[in-house]
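Heads up: the sequence shown is residues 131 to 299, going by my numbering.
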Amino acid sequence: MAELQFWCQYWIIVALLTIFERVGDVLVSWLPLYGEMKLALFIYLWYPKTKGTGYIYERLLRPCLVAHEPELDRNFQEMRARAWDLAIYYWHNCTELGQTAFFQIIQFLATGKIPKPNTQKDENNSTVAAAPPPSPTGPSAFHLMADNHDQASDRRRPPLPHSRHQRRS
Numbered sequence: 131m132a133e134l135q136f137w138c139q140y141w142i143i144v145a146l147l148t149i150f151e152r153v154g155d156v157l158v159s160w161l162p163l164y165g166e167m168k169l170a171l172f173i174y175l176w177y178p179k180t181k182g183t184g185y186i187y188e189r190l191l192r193p194c195l196v197a198h199e200p201e202l203d204r205n206f207q208e209m210r211a212r213a214w215d216l217a218i219y220y221w222h223n224c225t226e227l228g229q230t231a232f233f234q235i236i237q238f239l240a241t242g243k244i245p246k247p248n249t250q251k252d253e254n255n256s257t258v259a260a261a262p263p264p265s266p267t268g269p270s271a272f273h274l275m276a277d278n279h280d281q282a283s284d285r286r287r288p289p290l291p292h293s294r295h296q297r298r299s
């Protein structure tokens, strides 16, 4: 169990260092012995006798995580809900496109003619493709996942499409 905890802490710290390195590498890479210092830091974190990973995690990272834990949990739940809403949105789009293509294939096999796309005439009497139906702006299907959802997060979500049955009614 202790070894698992060590490796989890180690990879969390390495991931954070990698993220910060993308920004900070430009600013400090010109320092003499920068590569060697970075190598020494990774050896300090990895080597069991120095216990560098435990020290860095317990002294620096854990107090920060504990102080911001409710905010982090809320943000993770919000991201999870948005990701699920996005997956549902694209699933609906894919199923509608698949259903349309399937019926076009069936119509082609039955009649031998390629079906015309849904088109409309504009003010110049030229044919244009019909605009997609408007998307709903209602609350997310998963709004119960996070009780503390603020209204600003709902505006950033992609709208969910109407199903074919809802449009006809």
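Even glycine gets a Cβ: it sits at the ideal position worked out from N, Cα and C.
- For L134, the uninterrupted alpha helix (DSSP H) segment begins and ends at 132-158.
- If you draw a straight line from the Cα of Q234 to the Cα of T241, it comes to about 10 angstroms.
- Excluding the 5 residues flanking it on each side, Y174 has same chain C-beta neighbours closer than 6 angstroms at T180, G182, in chain order.
- For H222, the enclosing alpha helix (DSSP H) covers residues 199-241.
- Annotation: R212 to G154 spans about 31 angstroms, alpha carbon to alpha carbon.
- Per DSSP, reduced to three states, the secondary structure at K168 is helical.
- Spanning the alpha carbons of G184 and F232 requires a straight line of approximately 58 angstroms.
- In the DSSP assignment, T183 falls within the alpha helix (DSSP H) that extends over 182-186.
- Taking 8 angstroms as the cut-off, the Cβ atoms of I143 and Y187 count as close.
- With three or more CB-CB distances shorter than 8 angstroms, the region 162-177 counts as touching the region 136-152.
- Here DSSP, grouped into helix, strand and coil, assigns P178 to coil.
- Around L195, the same chain offers L202 as residues with beta carbons nearer than 8 angstroms, after the five sequence neighbours per side are excluded.
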